[in-house]
Amino acid sequence: MYENERRENEAIIRNGWPLILVPLALGIGGGCVLCPVCGLPWVATAWLALCLVFAAFMAWFFRNPRRVPPAGEENIVSGAEGTVRSVQYVTEDDGSPASAVAKEFFPGERAVRISTFLSPLHVHVNRLSIGGTVKQCEYRHGKHLLTMDERSSLYNQHSIVLVEDKDGLRCLHKQITGPIVRRVIYWLEEGQPVKRGGILGMMKFGSRMDIWLPADRVEVCVKPGDPVRAGETVIAKRR
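So for the sequence shown, my numbering puts the first residue at 150; every next one is plus one.
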């Protein structure tokens with residue numbers, strides 16, 4: 150069983166457990182120490198409450214709700230939960246900051262990039278937009294520009310996961326870090342078969358995901374401002 154498949158049944162992603170258990174231990178242990186030392190029960194109570202709130206937020210942040218993609222392989226689903234910020238059509242020679250990505254992954258054809266922004270309150274487990282075979286996955290170091298800056302797609306630290314289906318349709322997933330969020334994780338390996346809506350990885354504490362597709366082979370179904378759910382919301386359909 151592949152790593153991403155083992156994660157499917159985790160109600161809370163295991164990476165989050167240290168951030169949940171440590172505050173709980175500090176809250177209980179600190180409360181037991183503060184109460185007799187200070188002689189002020191409210192200090193211990195306030196400390197415990199603060200730690201409990203932090204632990205609860207971490208449990209909420211690392212949650213992994215079950216997601217079921219809609220029937221029909223023609224449906225391409227969102228890779229992240231959040232809000233669609235832009236839908237941009239790109240070619241390798243159009244002079245935009247995104248053209249370098251089109252040149253590398255979609256040479257000689259027009260591509261479409263669907264960008265989704267996440268807030269700290271969204272589910273941060275990322276999912277695969279199409280099923281097929283992982284052709285490429287790697288982490289690339291870079292800058293920490295604001296994710297609203299179009300240059301962030303090219304220059305920021307990010308991961309790339311390129312999946313190709315049995316019909317040759319390619320889908321590029323890019324997990325992009327921002328100035329604060331500097332950690333993205335993927336649980337895939339090259340050559341691995343994957344299913345649509347399956348777990349890809351995770352981004353910590355809000356960031357951006359770009360989904361790239363060949364524009365002439367799909368019809369985009371979302372627009373800027375639309376809310377989307379990873380693994381469920383249809384963002385495009387095969388033509």
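Idealized CB from N, CA, C, for every residue including glycine.
(request) Rounded to whole angstroms, what's the CA-CA distance from A205 to M150? Just pull it up for me. (result) 31 Å
(request) Grab the span of the alpha helix (DSSP H) containing A208 for me, first residue to last. (result) 190-210
(request) State buried or exposed for P363, treating a residue as buried only when at least 16 other CB atoms are found within 10 Å of its CB. (result) buried
(message) Closest to K353 by C-alpha separation, out of H307, I225, V182, would be which residue?
(response) H307
(request) Rounded to whole angstroms, what's the CA-CA distance from I348 to N164? Just pull it up for me. (result) 14 Å
(request) Report yes or no: do the segment 266-277 and the segment 241-258 share at least 3 C-beta pairs separated by less than 8 Å? (result) no
(message) So for K323, helix, strand or coil by DSSP?
(response) strand
(message) By alpha-carbon positions, which one of S301, R289, A385 ends up nearest to I309?
(response) R289
(message) Starting from N275, trace the beta strand (DSSP E) in both directions and tell me its first and last residue.
(response) 274-276
(request) Take Y335 as the anchor and find which of K323, G327, K386 has the nearest alpha-carbon. (result) K323
(message) For the alpha helix (DSSP H) containing F254, name the first residue and the last one.
(response) 248-254
(message) So, with DSSP's three-state summary, where would you put S302?
(response) helix
(request) Could you confirm whether any beta carbon from chain C is found closer than 8 Å to the beta carbon of V226? (result) As a matter of chain content, chain C is missing from the structure shown, which is built from one protein chain.
(request) Could you check what DSSP says for W361 in three-state terms: helix, strand or coil? (result) strand
(request) List the endpoints of the continuous beta strand (DSSP E) containing E313. (result) 307-313
(request) Go through its chain and collect everything with a Cβ distance to Y304's Cβ below 7 Å, but skip five positions before and after it. (result) G291, K292, L294
(message) By the three-class DSSP mapping on this structure, what secondary structure does E154 have?
(response) helix
(message) Once the 5 residues before and after F211 are set aside, which same chain residues still bring their CB inside 6 Å of it?
(response) I161, I162, G165
(request) State the start and end residues of the unbroken beta strand (DSSP E) segment that holds A220. (result) It is not in any beta strand (DSSP E) - A220 carries neither H nor E in the DSSP assignment.
(message) If distances are taken between C-alpha atoms only, which option among C370, V236, E152 comes closest to R388?
(response) C370
(request) In the DSSP assignment, find the unbroken beta strand (DSSP E) run with E287 in it and report its ends. (result) 281-289
(request) Whole angstroms is fine: what's the gap from I384's alpha carbon to Y238's? (result) 14 Å
(request) Compute the Euclidean distance between the alpha carbons of P218 and G180, then round it to the nearest angstrom. (result) 45 Å
(request) Could you tell me the boundaries of the beta strand (DSSP E) in which G350 lies? (result) 348-352
(message) Per the DSSP calculation, Q237 is bridged to which residue(s)?
(response) R262
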